[in-house]
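K.L.:
Protein chains in written order, with the numbering used here: chain G, 1 to 408; chain A, 1 to 408.
#1: Could you check which residue in 161/A, 292/A, 271/A, 254/A has the C-alpha nearest to that of residue 224/A?
#2: For residue 293/G, which residues of its own chain have a beta-carbon under 7 angstroms away from its beta-carbon, when the five flanking residues on both sides are left out?
#3: For the beta strand (DSSP E) that contains residue 273/G, what are its first and last residues?
#4: Which class does residue 314/G belong to by DSSP, given the choice of helix, strand or coil?
#5: So is residue 50/A in contact with chain G if we call contact Cβ pairs under 8 angstroms?
#6: Determine, for residue 141/A, whether the minimum Cβ-Cβ distance to residues of chain G falls below 8 angstroms.
#7: Could you tell me which chain G residues have their CB closer than 7 angstroms to the CB of residue 90/A, listed as they occur along the chain?
#8: Which same chain residues end up closer than 6 angstroms to residue 181/G when comparing Cβ atoms and leaving out the 5 residues on each side of it in sequence?
#9: Could you name the residues of the same chain whose beta carbon sits closer than 6 angstroms to that of residue 8/G, not counting the 5 residues immediately before and after it, in chain order?
#10: Should residue 209/A be flagged as near chain G, meaning a C-beta pair shorter than 8 angstroms?
#11: For the alpha helix (DSSP H) that residue 279/G lies in, which residues bound it at each end?
#12: Between the Cα of residue 206/G and the Cα atoms of 389/G, 23/G, 380/G, 3/G, which residue gives the shortest distance?
#13: Output yes if chain A places a C-beta closer than 8 angstroms to the C-beta of residue 64/G; else output no.
#14: Going along the chain, which unbroken runs of the beta strand (DSSP E) with 3 or more residues stay wholly within the segment 153 to 198 of chain A?
#15: Quick check on the DSSP output: the beta strand (DSSP E) that includes residue 106/G runs from which residue to which?
#16: Since residue 242/A is in the beta strand (DSSP E), which residue starts that stretch and which ends it?
#17: Using DSSP bridges, identify the partner residues of residue 7/G.
#18: Figure out for me which residue from 388/A, 343/A, 246/A, 201/A has the closest Cα to the Cα of residue 382/A.
#19: Rounded to a whole number of angstroms, what is the C-alpha to C-alpha distance between residue 237/A and residue 28/A?
#20: Count the other CB atoms, across all protein chains shown, that sit within 10 Å of the CB of residue 221/G; report buried if there are 16 or more and exposed otherwise.
#21: Give the straight-line distance between the Cα atoms of residue 63/A and residue 113/A, rounded to the nearest whole angstrom.
#22: Taking Cβ positions only, does residue 112/A come closer than 8 angstroms to chain G?
#23: Return the CA-CA distance between residue 122/G and residue 83/G, expressed in angstroms with no decimal places.
#24: Which residues in chain A have a C-beta closer than 9 angstroms to the C-beta of residue 57/G? List them in chain order.
#25: Could you check whether residue 339/A and residue 267/A sit closer than 8 angstroms to each other, using their CB atoms as the reference points?
#26: Report yes or no: is there a C-beta of chain G within less than 8 angstroms of the C-beta of residue 97/A?
#27: Please compile the residues from chain A whose C-beta is within a distance smaller than 7 angstroms of the C-beta of residue 53/G.
#28: Three or more C-beta pairs closer than 8 angstroms, one from the segment 134 to 150 of chain G and one from the segment 95 to 104 of chain G: is that the case here?
#29: Under DSSP, the alpha helix (DSSP H) around residue 70/A begins and ends at which residues?
#30: What does residue 39/G touch in chain A if you count any residue whose Cβ is under 9 angstroms from its own?
#31: Looking only at its chain, what residues have a beta carbon closer than 7 angstroms to the beta carbon of residue 127/A, apart from the 5 residues adjacent to it on each side?
#32: In terms of residues, what are the limits of the alpha helix (DSSP H) holding residue 91/G?
#33: Less than 8 angstroms between CB atoms is the rule here; does residue 71/G satisfy it with respect to chain A?
#34: Is it buried or exposed, residue 147/G, if we count other Cβ atoms within 10 angstroms and call 16 or more buried?
#35: What does DSSP give as the partner residues of residue 387/G in its beta bridges?
#36: Which residues in chain G sit within 7 angstroms of residue 146/A, going by Cβ to Cβ distance?
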C-alpha cells in the first residue's frame with residue numbers, strides 16, 4: 001500500500017502565541033489530515049518565550065555556556081509541541097509530540113547555532129504510518145554527548161524544511177504572521193505587492209538581505225532538496241507565496257523584490273599595510289571567531305604602502321568582530337578603527353538580472369537622483385546591495401520600488 | 001584515590017524563582033564545593049512555572065494525554081537546571097545541566113505520576129569526577145519509548161533523594177522556603193516549634209498527612225536507602241531539621257507533630273448490600289483507576305442486609321473517584337451517594353505512641369472538649385487521624401498542640 005502524501009506544516013511563534021491560537025492551528029492541521037495527507041507539524045515557541053529565556057541567560061552571564069543556553073532556550077518548543085498535540089487530540093486526531101533528541105535530529109556541535117547533520121525518521125515514519133500526526137519541536141536537535149542543541153534564531157523554519165526533505169514531503173507550508181512574500185516591506189511601501197511565486201535563489205537573497213519572512217538556511221535547504229515551500233498566514237485563508245524552482249516561474253521580472261537590513265555595522269581599518277596576505281590576516285581570525293563578514297571593500301592604495309579596508313557585519317556580531325580585530329591589531333598593523341552602526345543595506349533582487357544588463361545602473365541613478373550616497377556596493381548574480389546612511393532607508397526603498405516598476 | 005564525599009542539594013521553586021535567587025543558590029553550592037565535596041544540585045522549576053504549564057494543559061483538555069502533559073510540564077526544570085549551571089560557571093566553577101533522559105533517570109510508564117525505576121549514574125559520576133557540579137532537572141525522567149515522564153507534584157524531592165541514594169551521598173539537603181519541620185503549621189499555631197530531628201517514620205506520616213515540607217515518596221525512599229535528609233531554608237543560614245533513623249533520636253516525644261490536610265473529600269455509598277466481596281467491588285476499580293483511597297469506614301449493618309461505606313480521597317482524585325463509583329453502580333448496588341468536600345483531616349504523629357498508651361484518648365477527649373465531632377478515624381502504629389468539619393480545623397490543631405505539650 002503506498003503511503004499517503006506527506007505535508008509539513010510549520011507554525012511560528014505568533015501562530016502559537018496563545019492557547020486559542022494553538023486551537024486554531026489544530027483546526028488547520030485537521031483540514032489537511034481530512035484531505036488524506038500524513039502531517040508533520042513543526043512548531044516554534046510561543047511568541048516572546050524564547051526572548052524571555054535568552055534574556056535570563058544574558059542576565060546571568062554575557063559569555064554564557066552555549067550548551068546550557070541550548071538546554072534552556074529549547075524548552076519553549078517542547079511546550080508548544082505538547083500543547084499542539086493535546087489540541088489535535090481534542091479534535092479526535094491521533095497525535096504525539098517529538099523533541100529533537102527523540103527523533104533524533106542530529107546536529108553539529110556548534111551550540112547556539114548548530115547545523116542539521118541528519119534527521120532520524122524511522123520512528124517518526126512508524127508513528128505517522130500508525131495514524132499519528134507528528135508534532136515536532138522546531139529549532140532544536142541533539143549534538144554529540146547527547147546534549148541538546150539549537151539551530152539559532154529562526155531555526156524552526158530550517159527544522160521544518162529539513163524534516164520535509166527527510167520525509168519526502170510534497171510541500172512544506174510555513175505559517176507565519178504575514179500572508180506571503182512581498183516585493184518589499186509593506187510597512188514602508190504601501191504599494192508593495194504579494195508575489196505568487198518566487199524562485200529559491202531570489203528567496204535566498206531576500207532572506208539573507210534582511211527580509212524576515214524565511215530563515216536563510218531553510219531556503220538553502222529547500223533549494224538543495226527541491227522542497228516546494230509555501231509562505232502563508234495562519235490568520236487568513238488566502239494562498240501564500242510559493243517558493244519554487246526557477247524553471248517553474250514563467251513570467252520573470254527584472255527585479256522581484258527589494259530587501260533591506262538595518263542590523264548592519266560597518267568597520268573600517270584605517271591605514272592597513274598594503275601587502276599580500278593582509279586580507280587573510282583580517283578575515284581569517286574573524287571567520288575563526290564565528291563572525292560572518294558580509295560586504296568587503298578595499299580602497300585603492302594611494303601610495304602603494306597603505307590602504308583602508310572596510311567590511312560590514314551583522315549588528316549582533318559587531319562587538320565580537322571588534323574584539324577579534326583589536327586582539328589582532330599587531331599582526332594586521334592598522335592605524336586606527338572607524339565604525340558606523342547607523343547604516344542600512346538595501347538590496348534589489350531578481351533572477352532577471354542574469355539576462356538583462358543595466359539593473360545596477362538603474363539603482364545607482366535612482367539613489368543619486370535622491371541625493372543618497374552609496375558607501376559600499378556588493379553584487380551577486382541576482383542581487384545588488386548597497387550600504388547607505390540609515391536615515392535614507394525608506395526614501396531609497398520607495399524610490400527603487402517605483403524605478404523597477406514594482407508598484408502595484 | 002578515594003572520591004570526595006558527595007552531597008545532594010535540592011532547591012525548590014521559591015528558591016529559584018528569580019535570576020537573583022538562582023545566583024544565591026549558586027553561592028550556597030559554591031560554599032559546599034569549597035568544603036571539598038562533590039555536589040549534585042537538583043532543581044525545581046521557577047515558582048509558578050509548573051502551575052502555568054499545567055493550566056495550559058487543562059485549558060486545552062480536561063482529559064489530556066499524560067505523556068504530552070509530561071513533555072510540557074517537565075520543561076520548567078530544564079530551564080532552571082541550565083540557568084543554575086550558568087550561574088555556577090560565573091562563580092568560576094565547572095558545571096553542567098542534566099535532563100532526566102540524559103542521566104537517564106528511568107521511570108515507570110505511569111505518565112503524570114511515574115515512579116523511579118532506576119537512576120543512571122555512570123555518565124553523571126564521570127562528569128562529577130571531572131570536577132563538574134551536576135545540575136539535575138528534578139521531577140522528570142524517561143519512560144519506555146524514550147518518552148519524557150514526570151514524578152507528580154513535589155517529585156523533585158523524590159528525584160533528589162533517589163539521586164542521593166544512587167550516588168551514595170552522605171546527605172541530601174532539601175532547600176525550601178521554610179527553615180525546617182515544625183510541630184505543626186506555624187501559621188495556625190504561633191507556639192509551634194522547629195524540630196531538630198525527626199525520624200523517617202514520623203516524617204513520612206507528617207508528609208502523607210498533609211505537611212507540605214517534604215513529598216511522601218521522597219521520605220519513603222530516604223528511609224529505605226537510609227539517606228539522611230536535611231530540610232532547611234534557602235533564605236537563612238540556620239540549621240534545618242534532620243530526618244534520620246529512629247535510633248539516632250535520643251529524646252523521644254510522645255507526639256512529635258500535628259499535621260492536617262484540607263485537601264480531602266468524603267464519599268459515602270448509602271445502603272450497599274452487606275455481602276462478602278462488596279468492598280473489593282468498590283476499592284478494586286478505584287485502585288485500577290489510580291485513585292488513592294485514604295480512610296475507610298464501614299458501618300455496622302443494622303439489618304444484616306445493607307450497610308453504609310464511607311471513604312476519603314484526596315480532593316484532586318475526587319472527580320475521578322466519583323466517575324469510577326458511578327460507572328460501577330450496578331456491580332456494587334448502592335442506593336445513592338453522599339459526598340462532602342468540606343472536611344479536614346487532622347493527624348497526631350509520634351514514634352512515642354509505640355510504647356505509650358492513651359495517646360488516642362487524649363485526642364478524642366480534647367476534641368470532644370471543644371465540641372468537635374469526629375467523622376472518621378484511622379490509625380497506624382505512630383499516627384492517629386480524624387476527619388472533622390473544615391470549619392474546626394484551626395481550633396482542633398491549637399487544642400491538640402497544647403494537649404500534647406508541644407507549645408514552645
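We treat Cβ as the ideally placed atom computed from N, Cα and C, and that holds for glycine. Predicted model only: the values in this text are computed from it and were never measured.
P.N.:
Taking the definition as stated:
#1: Numbered from 1 along the second chain, position 224 holds the residue referred to as residue 224/A. Nearest in C-alpha terms to residue 224/A, of all of 161/A, 292/A, 271/A, 254/A, is 161/A.
#2: Position 293 of the first chain, counted from the start, is the residue given in the question as residue 293/G. If the five residues before and after residue 293/G are omitted, its C-beta is found closer than 7 angstroms to the C-beta atoms of 283, 286, 311, 313, all from its own chain and listed in chain order.
#3: Counting from 1 along the first chain, the entry for residue 273/G is found at position 273. Residue 273/G: member of the beta strand (DSSP E) spanning 257 to 273, first to last residue.
#4: Here residue 314/G is taken as the residue at index 314 of the first chain, counted from 1. In the structure shown, residue 314/G sits in a strand (DSSP, three-state: E or B).
#5: Taking the first residue of the second chain as position 1, residue 50/A is located at position 50. Chain G, which has no Cβ nearer than 8 angstroms to the Cβ of residue 50/A, makes this no.
#6: The sequence position of residue 141/A within the second chain is 141, counting from 1. For residue 141/A, the closest Cβ of chain G is not nearer than 8 angstroms.
#7: Counting from one through the second chain, the residue named residue 90/A turns up at place 90. Within 7 angstroms Cβ-Cβ: 60, 61.
#8: Numbered from 1 along the first chain, position 181 holds the residue referred to as residue 181/G. The answer, listed in chain order, is 195, 198, 213, 231, 241.
#9: Here residue 8/G corresponds to residue number 8 of the first chain, with the count starting at 1. Contacts found: 40, 160, 163, 164, 169, 172.
#10: The residue labelled residue 209/A in the question sits at position 209 within the second chain. No, because no Cβ of chain G sits closer than 8 angstroms to the Cβ of residue 209/A.
#11: Walking along the first chain from the start, residue 279/G turns up at place 279. That run of the alpha helix (DSSP H) goes 278 to 288.
#12: Here residue 206/G refers to the residue found at position 206 when the first chain is read from its first residue. Residue 380/G holds the alpha-carbon nearest to the alpha-carbon of residue 206/G among 389/G, 23/G, 380/G, 3/G.
#13: Here residue 64/G corresponds to residue number 64 of the first chain, with the count starting at 1. Taking CB atoms only, residue 64/G has a neighbour in chain A less than 8 angstroms away.
#14: The DSSP assignment places 171 to 176 as complete runs of the beta strand (DSSP E) inside the segment 153 to 198 of chain A, in order along the chain (cut-off: 3 residues).
#15: Position 106 of the first chain holds residue 106/G. Its beta strand (DSSP E) spans residues 105 to 107.
#16: Looking up residue 242/A in the second chain gives position 242. Taken as a continuous stretch (DSSP letters only), the beta strand (DSSP E) holding residue 242/A covers 241 to 244.
#17: Indexing the first chain from 1 puts residue 7/G at position 7. 39/G, 171/G, per the DSSP bridge assignment.
#18: The residue given as residue 382/A occupies position 382 in the second chain. Checked all of 388/A, 343/A, 246/A, 201/A; the closest Cα to residue 382/A is 201/A.
#19: Walking along the second chain from the start, residue 237/A turns up at place 237. Walking along the second chain from the start, residue 28/A turns up at place 28. Those two C-alpha atoms are separated by around 10 angstroms.
#20: Looking up residue 221/G in the first chain gives position 221. The residue in question, residue 221/G, is buried, as its Cβ has 16 or more Cβ neighbours within 10 Å.
#21: Counting from 1 along the second chain, the entry for residue 63/A is found at position 63. Counting from 1 along the second chain, the entry for residue 113/A is found at position 113. Residue 63/A and residue 113/A: Cα-Cα distance of roughly 15 angstroms.
#22: As a first step, residue 112/A must be located in the second chain, where it is residue number 112. With 8 angstroms as the cut-off, residue 112/A does not count as an interface residue toward chain G.
#23: The residue labelled residue 122/G in the question sits at position 122 within the first chain. The residue labelled residue 83/G in the question sits at position 83 within the first chain. Straight-line Cα distance between these residues: approximately 24 angstroms.
#24: As a working note, residue 57/G is residue 57 in the first chain. Correct list: 82, 83, 86.
#25: Working through the second chain from its first residue, we reach residue 267/A at position 267. Working through the second chain from its first residue, we reach residue 339/A at position 339. Result yes, Cβ atoms of residue 267/A and residue 339/A sit closer than 8 angstroms.
#26: Counting from 1 along the second chain, the entry for residue 97/A is found at position 97. With respect to chain G, the C-beta atom of residue 97/A has a partner C-beta closer than 8 angstroms.
#27: Mapped onto the first chain, residue 53/G falls at position 53. Correct list: 79.
#28: By the C-beta criterion, the segment 134 to 150 of chain G is judged to be in contact with the segment 95 to 104 of chain G, since at least 3 inter-stretch pairs fall below 8 angstroms.
#29: As a working note, residue 70/A is residue 70 in the second chain. 66 to 73 is the span of the alpha helix (DSSP H), which, as asked, contains residue 70/A.
#30: The count along the first chain starts at 1 and reaches residue 39/G at position 39. Against chain A, a Cβ distance below 9 angstroms from residue 39/G picks out nothing, because the smallest value is about 17 angstroms.
#31: As a working mapping, residue 127/A is identified with position 127 in the second chain. Excluding residues within five positions, the ones whose Cβ falls inside 7 angstroms are 96, 134.
#32: Position 91 of the first chain, counted from the first residue, corresponds to residue 91/G. Per DSSP, residue 91/G belongs to no alpha helix (DSSP H) and is neither H nor E.
#33: On the first chain, residue 71/G is found 71 positions in, with the first residue counted as 1. Cβ-Cβ to chain A under 8 angstroms: yes for residue 71/G.
#34: The sequence position of residue 147/G within the first chain is 147, counting from 1. Residue 147/G should be labelled buried.
#35: In the first chain, residue 387/G corresponds to position 387, counting from 1. For residue 387/G, DSSP records a beta bridge to 345/G, 376/G.
#36: Walking along the second chain from the start, residue 146/A turns up at place 146. Residues of chain G passing the Cβ test: 102.
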